[in-house]
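Engineer: Residue numbers (our numbering), protein chains in the order written: chain A, 52 to 368; chain B, 11 to 276. Backbone N, C-alpha and C fix where the C-beta goes; we use that ideal spot for every residue, glycine too.
#1: So what's residue 217 (chain B) in DSSP terms, helix, strand or just coil?
#2: According to the neighbour-count rule (16 or more other Cβ atoms, all chains shown, within 10 Å of its Cβ), is residue 213 (chain B) buried or exposed?
#3: Rounded to whole angstroms, how far is the Cβ of residue 116 (chain A) from the Cβ of residue 176 (chain A), which I believe are closer than 8 Å?
#4: How far does the beta strand (DSSP E) with residue 70 (chain A) in it reach, from first residue to last?
#5: Among the candidates A:201, A:163, A:139, A:81, whose CA atom is the shortest distance from the CA of residue 279 (chain A)?
#6: From the DSSP output, read off the bridge partner residues of residue 23 (chain B).
#7: Are the Cβ atoms of residue 217 (chain B) and residue 181 (chain B) separated by less than 7 Å?
#8: Using only the alpha-carbon positions, how far apart do residue 42 (chain B) and residue 136 (chain B) sit?
#9: Put residue 307 (chain A) into one of helix, strand or coil per three-state DSSP.
#10: Note down, in chain order, all residues in the region 196-226 of chain A with a beta-carbon under 7 Å from any beta-carbon belonging to chain B.
#11: Roughly how many angstroms lie between the CA atoms of residue 100 (chain A) and residue 305 (chain A), to the nearest whole one?
#12: Using three-state DSSP, classify residue 104 (chain A) as helix, strand or coil.
#13: Say whether chain C places a C-beta atom closer than 7 Å to the C-beta of residue 104 (chain B).
#14: Does the separation of the CB atoms of residue 144 (chain A) and residue 154 (chain A) fall below 7 Å?
#15: Given residue 189 (chain B), which residues of its chain have a CB within under 6 Å of its CB, disregarding the five upstream and five downstream residues?
#16: Flag this pair as yes or no: are the beta carbons of residue 205 (chain A) and residue 105 (chain A) separated by less than 7 Å?
#17: Tell me, please, whether the region 17-26 of chain B touches the region 51-68 of chain B by the rule of three or more beta-carbon pairs shorter than 8 Å.
#18: I'd like to know if residue 91 (chain B) contacts chain A, where contact means its C-beta is closer than 7 Å to some C-beta of that chain.
#19: Consider the Cβ of residue 249 (chain A): report whether some Cβ of chain B lies at a distance smaller than 7 Å.
#20: Straight-line CA distance for residue 231 (chain A) to residue 121 (chain B)?
#21: According to DSSP, is residue 55 (chain B) part of a helix, a strand, or is it coil?
#22: Mapping the DSSP letters down to three states, classify residue 108 (chain B) as helix, strand or coil.
#23: If the cut-off is 9 Å on Cβ atoms, which residues from the region 110-135 of chain B count as contacting chain A, listed in chain order?
#24: Restricting to Cα atoms, I'd like to know which of B:261, B:263, B:262, B:245 is closest to residue 34 (chain B).
#25: Quick check on DSSP: helix, strand or coil for residue 157 (chain B)?
#26: In the DSSP assignment, find the beta strand (DSSP E) that holds residue 187 (chain B) and state where it starts and stops.
#27: Does the region 72-83 of chain B come close enough to the region 111-128 of chain B that 3 or more CB-CB pairs lie under 8 Å?
#28: From the beta carbon of residue 87 (chain B), is the nearest beta carbon of chain A less than 7 Å away?
#29: Taking one C-beta from the region 181-189 of chain A and one from the region 280-296 of chain A each time, how about it: are there three or more such pairs within less than 8 Å?
#30: Please report the straight-line C-alpha distance between residue 329 (chain A) and residue 308 (chain A), rounded to a whole angstrom.
#31: On the premise that residue 70 (chain A) lies in contact with residue 129 (chain B), defined as a C-beta separation below 8 Å, what is that separation, rounded to the nearest angstrom?
#32: Can at least three beta-carbon pairs, one atom from the region 245-262 of chain A and one from the region 149-164 of chain B, be found at a separation below 8 Å?
#33: Can you tell me whether residue 144 (chain B) is buried or exposed, with buried defined as 16 or more other CB within 10 angstroms of its CB?
#34: Using three-state DSSP, classify residue 365 (chain A) as helix, strand or coil.
#35: At the level of alpha carbons, what is the spacing between residue 198 (chain B) and residue 176 (chain B)?
#36: Quick check on residue 174 (chain A): does DSSP put it in helix, strand or coil?
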């Protein structure tokens with residue numbers, strides 16, 4: 052136990068290596084603008100998928116409203132950036148976006164998290180629609196026209212930085228006692244309550260943390276793509292995120308990361324076949340779900356595999 | 011002062027009165043049995059004590075630091091915090107989690123680090139997690155489950171799952187332990203071993219135990235007093251010997267005295 056284990060060093064090295072490889076490719080001008088946009092999208096999708104997995108995969112609360120949280124972060128960050136178009140404005144906007152989104156998560160979570168399964172899904176879906184319609188109708192967000200020429204301060208470094216931070220924090224959380232409390236709610240809510248776990252508190256906490264990171268993802272999107280309109284955050288966006296989470300494996304952060312990378316690449320690749328794009332996409336999903344019904348990773352993590360290789364030390368965290 | 015005092019406890023579900031006017035007193039350190047035919051309302055009493063149901067009428071009070079605290083409208087997690095833990099008639103383990111995680115989750119309310127440490131793994135995270143694992147292993151040792159701490163709960167054999175439920179309940183550090191049919195589905199040898207272990211737990215951890223059980227060999231052997239429920243009403247109460255010979259109890263279990271009409275002929 053402790054911070055410095057073989058496993059943690061390996062993980063740190065691979066994070067640095069990933070960043071270094073992309074950095075080298077960029078300086079050698081091998082990556083085009085198009086590639087960079089894809090990389091940025093991958094990072095945003097990782098943040099959104101990992102945060103949704105905390106809510107749906109680990110805590111077991113079926114949410115269809117993730118795009119709503121993303122949009123709150125995006126608009127908050129955009130409005131702050133338009134006023135203070137500096138690096139500090141950007142960072143403040145990202146954090147403020149996360150906090151605003153988490154607050155809305157708490158306000159919405161308290162009444163809706165009493166619902167279970169399908170009913171909760173419908174309630175969260177409705178919530179995301181309400182948020183979208185509000186953005187569509189208030190002046191400060193520019194209504195249907197949206198917000199344009201948001202200062203573009205987010206770059207590849209910040210994208211990567213926040214994606215890593217999100218994965219690390221959420222991974223730490225689920226390997227802590229409050230995180231295990233959330234997982235126990237997914238497993239059996241009545242038993243969890245009987246073991247002293249305040250299920251309402253931990254459901255709302257998971258919802259708030261998930262919303263916080265979704266807000267950060269939204270903020271990054273706003274600054275990188277410098278244009279926002281409410282229709283970007285419709286029902287389909289939430290579904291996209293859910294597809295990534297289910298495909299990667301409910302309850303596996305590794306799965307969410309892998310699926311976010313694969314599906315983003317696939318979507319970008321399929322853009323050249325406009326006519327059959329959605330058919331191919333759907334077909335692929337069906338095939339993967341037939342062969343891996345529990346998602347690509349099931350509930351296992353890459354660290355489990357590393358642990359087994361590292362002298363079969365098992366699952367000691 | 012009694013540790014747990016239940017007075018005139020009543021619970022109705024629509025037109026059905028599952029528990030009616032039940033009085034139960036449990037002193038500190040006692041081992042009490044709660045028996046009765048199927049559907050007598052035993053598990054309902056457990057659910058009322060632990061806050062799963064709210065009583066329709068009556069009081070449930072627990073002695074906490076010399077004062078009586080009402081449990082009537084407390085949520086289950088609050089009741090657990092006050093020192094009551096339970097097992098379930100139909101095993102309710104966290105099936106897809108490891109044995110160790112099952113126990114660690116039950117220790118959650120005694121974890122000494124907050125959200126910042128949980129998110130960053132700085133501060134007291136590692137020392138506290140170490141303590142949790144050590145404490146969990148000590149409890150698992152009592153039921154010889156330490157070797158299996160990394161197995162998924164669903165992969166344990168049935169008897170060990172029942173044991174793990176008791177370990178998990180113990181991990182909340184209860185003063186009063188409610189066991190709902192701990193010997194259900196066990197063979198006579200397993201039941202005997204369980205009986206010994208319950209006695210040991212009670213002694214080692216200074217526990218008070220309320221036990222629902224159908225296995226009379228277990229109940230008669232270890233319970234000091236027994237309450238008998240039938241159709242939601244306490245029909246008899248007392249030491250095992252008294253219960254054994256109580257005609258109302260025999261009637262409840264075996265039906266009306268069938269030999270009665272033949273008395274004249276005999």
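Structural biologist: The short version:
#1: The sequence position of residue 217 (chain B) within the second chain is 207, counting from 1. When DSSP states are grouped into helix, strand and coil, residue 217 (chain B) belongs to the coil group.
#2: Locating residue 213 (chain B) in the second chain gives position 203, where the first residue counts as 1. Counting Cβ neighbours within 10 Å, residue 213 (chain B) comes out exposed, since fewer than 16 surround it.
#3: Sequence index remark: in the first chain, residue 116 (chain A) carries index 65 (1-based). Sequence index remark: in the first chain, residue 176 (chain A) carries index 125 (1-based). Confirmed, about 6 Å.
#4: Working through the first chain from its first residue, we reach residue 70 (chain A) at position 19. Counting along the chain, residue 70 (chain A) falls outside any beta strand (DSSP E), though it belongs to the alpha helix (DSSP H) covering 57-78.
#5: As a first step, residue 279 (chain A) must be located in the first chain, where it is residue number 228. Looking at the Cα atoms, A:201 is the closest of the given residues.
#6: For the purposes of this step, residue 23 (chain B) is taken as residue 13 along the second chain, with counting starting at 1. Beta-bridge pairing links residue 23 (chain B) to B:26.
#7: Residue 217 (chain B) sits at position 207 when you count from the first residue of the second chain. Residue 181 (chain B) sits at position 171 when you count from the first residue of the second chain. Contact flag unset, no.
#8: Locating residue 42 (chain B) in the second chain gives position 32, counting from the first residue. Locating residue 136 (chain B) in the second chain gives position 126, counting from the first residue. Going by the C-alpha atoms only, they are around 40 Å apart.
#9: As a working mapping, residue 307 (chain A) is identified with position 256 in the first chain. Note: residue 307 (chain A) maps to helix in three-state DSSP.
#10: So the close ones are 220, 223, 224.
#11: As a working note, residue 100 (chain A) is residue 49 in the first chain. As a working note, residue 305 (chain A) is residue 254 in the first chain. Each residue's Cα considered, the two are about 10 Å apart.
#12: Counting from 1 along the first chain, the entry for residue 104 (chain A) is found at position 53. Helix at residue 104 (chain A).
#13: Within the model displayed, chain C is absent; protein chains A and B are what it includes.
#14: For the purposes of this step, residue 144 (chain A) is taken as the residue at position 93 of the first chain. For the purposes of this step, residue 154 (chain A) is taken as the residue at position 103 of the first chain. No, the Cβ-Cβ distance between residue 144 (chain A) and residue 154 (chain A) is not below 7 Å.
#15: Here residue 189 (chain B) is taken as the residue at index 179 of the second chain, counted from 1. So the list reads 97, 221, once near-sequence residues are dropped.
#16: Position 154 of the first chain holds residue 205 (chain A). Position 54 of the first chain holds residue 105 (chain A). Result no, Cβ atoms of residue 205 (chain A) and residue 105 (chain A) do not sit closer than 7 Å.
#17: Contact annotation: the region 17-26 of chain B touches the region 51-68 of chain B, with at least three C-beta pairs closer than 8 Å.
#18: Within the second chain, numbered from 1, the residue matching residue 91 (chain B) stands at position 81. So yes, residue 91 (chain B) belongs to the interface.
#19: Position 198 of the first chain holds residue 249 (chain A). Closer than 7 Å to some Cβ of chain B, the Cβ of residue 249 (chain A) qualifies, so yes.
#20: What you label residue 231 (chain A) is simply residue 180 of the first chain in a count that begins at 1. What you label residue 121 (chain B) is simply residue 111 of the second chain in a count that begins at 1. Approximately 12 Å between the Cα atoms of the pair.
#21: Here residue 55 (chain B) refers to the residue found at position 45 when the second chain is read from its first residue. DSSP places residue 55 (chain B) in helix when its eight states are reduced to three.
#22: As a working mapping, residue 108 (chain B) is identified with position 98 in the second chain. Here DSSP, grouped into helix, strand and coil, assigns residue 108 (chain B) to strand.
#23: 110, 111, 112, 114, 115, 116, 117, 118, 119, 120, 121, 123, 124, 125, 127, 128, 129, 130, 131, 132, 135
#24: Numbered from its first residue, the second chain carries residue 34 (chain B) at position 24. For the set B:261, B:263, B:262, B:245, the Cα lying nearest the Cα of residue 34 (chain B) is the one of B:245.
#25: Reading the second chain from its first residue, position 147 is the one you call residue 157 (chain B). Of the three classes helix, strand and coil, the one that applies to residue 157 (chain B) here is helix, per DSSP.
#26: Here the question's residue 187 (chain B) lines up with position 177 in the second chain. Note, residue 187 (chain B): beta strand (DSSP E), 186-190.
#27: no
#28: Position 77 of the second chain, counted from the start, is the residue given in the question as residue 87 (chain B). Interface residue, yes.
#29: The answer is yes - the region 280-296 of chain A touches the region 181-189 of chain A, with three or more Cβ pairs under 8 Å.
#30: For the purposes of this step, residue 329 (chain A) is taken as the residue at position 278 of the first chain. For the purposes of this step, residue 308 (chain A) is taken as the residue at position 257 of the first chain. Whole-angstrom Cα-Cα distance: 22 Å.
#31: Residue numbering aside, residue 129 (chain B) sits at position 119 when the second chain is read from its first letter. Residue numbering aside, residue 70 (chain A) sits at position 19 when the first chain is read from its first letter. Actually they do not touch by this definition, with Cβ atoms about 22 Å apart.
#32: no
#33: Here residue 144 (chain B) refers to the residue found at position 134 of the second chain. So residue 144 (chain B) ends up on the exposed side.
#34: For this step, residue 365 (chain A) is matched to residue 314 along the first chain. Legend: pLDDT at residue 365 (chain A) = 43, less than 50; position of this residue unreliable, value from coordinates given subsequently. Coil at residue 365 (chain A), not helix or strand.
#35: As a working note, residue 198 (chain B) is residue 188 in the second chain. As a working note, residue 176 (chain B) is residue 166 in the second chain. If I take the Cα positions, the gap works out to 19 Å.
#36: By 1-based counting over the first chain, the position of residue 174 (chain A) is 123. Residue 174 (chain A): helix per DSSP, three-state reduction.
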